[in-house]
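Asks: Numbering (mature numbering (1 follows the signal peptide of the UniProt record, and there is no 0)), first residue to last: -38 to -1, 1 to 445. For every residue, glycine included, the Cβ atom is placed at its ideal position computed from N, Cα and C.
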Amino acid sequence: MSKRSLLNTSNIRLTSTIKKTVVAALFLSSVIVPTAGANEGKENLRTVYHVYMNGNHVGITAEADLVKQAVQAKIDDAEKRLGDLSIEVKDQVSLIPEQVFRKSTEEQEVLTYIKDEFEVQVPSISMMFGDADAPQVYVKDQEAADELIKELKLTQVTEEELALVEKRKESTESLPALEKDQTRMTDVRLSTDVMEGEETVEVAKVLSVEEAVELIQKGTLEERKYTIQDGDVLGKIASKHNLSTKELLELNPSLSEDGFLQIGDDLNVTVLKPIAEVLVEKEVFTTETIAFEKQVVENDQLPKGETRVKQEGKDGKSELTYRVTSTNGKQVSKDVITEKVVSEPVKYIVEKGTKVIPSRGTGEFVWPAVGGYVSSKMGMRWGRMHKGIDIARPSERTIKSVDNGKVVYAGYDGGYGNKVVVDHNNGYRTTYAHLESISVSVGQTVEAGGKLGVMGSTGHSTGVHLHLEVEKNGKLIDPLSKL
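Pasting the structure below:
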C-alpha cells in the first residue's frame, strides 16, 4: 500500500536558502514496501509517479525531479521578477509513487501542465484607472505604484517641470501675472482618477514600472503585425485594421504617405487605446493682432460700379493670457483667462457708388479739360484737313467726357496715340486723342465731366495737348459749335 505526499503551502516567505528546502519537502516521495509475494521478480519493477494537482490527475511521470524543477522554476521566476516578496503557492500537488513492471509515462504533458497551471501568487497593489471596464494594472508595492504615476507624467514633461508644478501646488502664494511671451506650467495630471488596493495575484500579472507605463499608454502589451502583400496601399491597410492613414503612419515612423511599400515587410497595426492619458495645463501670455473690419457704405453721388476708400483700416492689438490644455502632447483646449485691448482697430471704410449714369447724352457739352485754351481750330492746316480742335496748357491734365455716354473705344490708334471714343447715344460721338494714359474701358458708362484719362503727347503730336473731334449722325462738326 502506497503513501501520498502533498504539496500544500500558504504565505511562505521564500529566500534563496529556504525555498530549496520547501520545494524538496513538497515532493517527498512515499516509500512502498512490497509484500512478500511481490518480491518475486522485483528486479523488474520500475517506479513511476502519479501526479495530482488539487486532487485532479495530471499524468504519470518517471522523473519526479523534473516536476520539482518545474515548480522550482516558477518560484525562481517570481523571485527574479519581484525580489524578496511573500510568495503564496495556491495549488496542492501530490506525487503518488507506484511500482510497475512496464512504465508508460506522460512526461511532457505533466511538465507542460505544471508550467501552465501551477500558480505562484504574490501580494500586489492593484490600480484601476477610472473606468471599471478598463484593465487593472498590478505592481509589486506602493513604491512602484507611486513611481508609475510619476513615470507616466514624465512621458510628457521633464523632471524639472514636474518638480516645479508640484512645488507650486503646495504653495499658498498667488502666482504673479505673466509678462510678454511668458509661459508657465500649472498642472500635470492623469485624465482619470486612480483607485488603488491590495490584492494577491499571479506573478505573471505583476508588471514592472516600465511595462505598466507601456500598457497604460497603449492599452496592450502585444503588438499586432501585418505583412505587406502585393497590391496593398496604405489607406487599404489602415482601413482593414480600423486605423486612419495618419494613425498607421504614426505607428510606423519609417513610412511616408508618398513612399513605396515593400512586399513582405511587417507593419505595426496595433490599435492603441490608452487606459489613461496625461493632461498638461499651461498658462500662455501672448500679444495678438485684432484684424480691422471692412465696411462698405453706399454713396449716391458716386457713379454706380465705382468705389472710393473713405478711411484706411488699421489693425488693433490685444494682450491675452490663455489656459492651454494638452492630452498626451496634443492640444485639446485653449481658453482665455484674461484679455486687455491695447489699441482698438480702425475700420476700413470704402464707398460704393449707387448713382445711375444714363448712357444717353443730354446734348449739352461741358469743357473736356481743366482750363486750357484752343491752340488749333478745326479746318485746313498745313495743307490738309484738321478734323477737330486742340486744347493745350490746362491747369490740371485730367481729360473729361463732354456728355453722358458709353465708351466704344479705348486704346492705341496710330497717329492718334492713346485714344478714347464715347458714343453719346443721341447722334453725337466724341474722340479724345494723344492721351498719356487711359482711365476707362470699352463698355463703361461715363457721365458728363467724368474722367477719361490724362492729357499727353502720344502718337503724331508736337506737344502735350488734347485733340477733340465731334461727330453728329456720322459727320464731323466743329467742336466749338457745342462748347
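Do V318 and K266 have their C-beta atoms within less than 8 Å of each other?
Replies: Cβ distance < 8 Å, so V318 and K266 count as in contact.
Asks: Rounded to whole angstroms, what is the Cα-Cα separation between Y188 and V308?
Replies: Straight-line Cα distance between these residues: approximately 59 Å.
Asks: Relative to the C-alpha of Q31, which candidate in G45, L44, T74, F63 has its C-alpha closest?
Replies: Ranking the options by Cα distance to Q31, first place goes to T74.
Asks: To the nearest whole angstrom, what separates the beta carbons of A96 and M89, a pair I think is in contact under 8 Å?
Replies: Wrong, their Cβ atoms sit about 10 Å apart, outside the cutoff.
Asks: Can you tell me the Cα-Cα spacing of A174 and M147, whole angstroms?
Replies: Rounded to the nearest angstrom, the two C-alpha atoms are 26 Å apart.
Asks: Mark F222 as exposed unless 16 or more other C-beta atoms lie within 10 angstroms of its C-beta, in which case mark it buried.
Replies: F222 comes out exposed.
Asks: Helix or strand or just coil, what does DSSP make of G377?
Replies: Looking at G377 - three-state DSSP - the assignment turns out to be helix.
Asks: Could you give the C-beta distance for V171 and K115, rounded to a whole number, given that I count them as a contact under 8 Å?
Replies: With 8 Å as the limit, V171 and K115 do not qualify as a contact, their Cβ atoms being about 13 Å apart.
Asks: How far does the alpha helix (DSSP H) with T128 in it extend, from its first residue to its last?
Replies: Per the sequence shown, residue 128 should be read as Glu rather than Thr. Unbroken alpha helix (DSSP H) run through E128: 121 to 132.
Asks: From this set, S66, T249, D53, which residue's C-alpha is nearest K142's C-alpha?
Replies: Closest by alpha carbon: T249.
Asks: Do the region 92 to 107 and the region 118 to 135 touch if we need at least three Cβ pairs shorter than 8 Å?
Replies: Output reads no: the region 118 to 135 does not touch the region 92 to 107.
Asks: Could you tell me the distance, in whole angstroms, from the CA atom of E50 to the CA atom of Q224?
Replies: Distance between the alpha carbons of E50 and Q224: 50 Å.
Asks: First and last residue of the beta strand (DSSP E) that includes D228?
Replies: 228 to 230 is the span of the beta strand (DSSP E), which, as asked, contains D228.
Asks: Could you give the first and the last residue of the continuous alpha helix (DSSP H) run that contains Q70?
Replies: Element bounds for Q70: 69 to 79.
Asks: Is the number of C-beta pairs between the region 371 to 384 and the region 395 to 409 that are closer than 8 Å three or more?
Replies: Judged by Cβ distances under 8 Å, the region 371 to 384 makes contact with the region 395 to 409, as three or more pairs qualify.
Asks: Suppose you measure from the CA of S419 to the CA of H427; what does that come to, to the nearest Å?
Replies: About 6 Å.
Asks: Taking just the CA atoms, how far does Y310 sit from K279?
Replies: Distance between the alpha carbons of K279 and Y310 is about 16 Å.
Asks: Which of helix, strand or coil does DSSP assign to Q54?
Replies: Correct three-state label for Q54: coil.
Asks: Under three-state DSSP, which class holds E109?
Replies: Helix, per DSSP.
Asks: What does DSSP give as the partner residue(s) for N261 in the beta ladder?
Replies: Looking at the DSSP assignment, N261 forms a beta bridge with G315.
Asks: What are the partner residues of I237, as DSSP defines its beta bridges?
Replies: DSSP, once it has assigned bridges, lists no residue as partnering I237.
Asks: The beta strand (DSSP E) spanning L210 covers which residue range?
Replies: Run containing L210: none in the beta strand (DSSP E); it sits in the alpha helix (DSSP H), 207 to 213.
Asks: Tell me whether F63 is buried or exposed, calling it buried when 16 or more other Cβ atoms sit within 10 Å of its Cβ.
Replies: With fewer than 16 Cβ atoms within 10 Å of its Cβ, F63 is classed as exposed.
Asks: When DSSP builds the beta bridges, which residues end up paired with M340?
Replies: Per DSSP, none; premise fails for M340.
Asks: Measure the CB-CB distance between V404 and V370 and report whether it falls below 8 Å.
Replies: Contact flag set, yes.
Asks: From the DSSP output, in three-state form, read off R322 for me.
Replies: Coil at R322, not helix or strand.
Asks: Which residues bound the beta strand (DSSP E) around L152?
Replies: That run of the beta strand (DSSP E) goes 145 to 152.
Asks: So L124 packs on E69, CB below 8 Å; how close in whole Å?
Replies: In fact, because the Cβ distance is near 54 Å, the residues do not count as touching under 8 Å.
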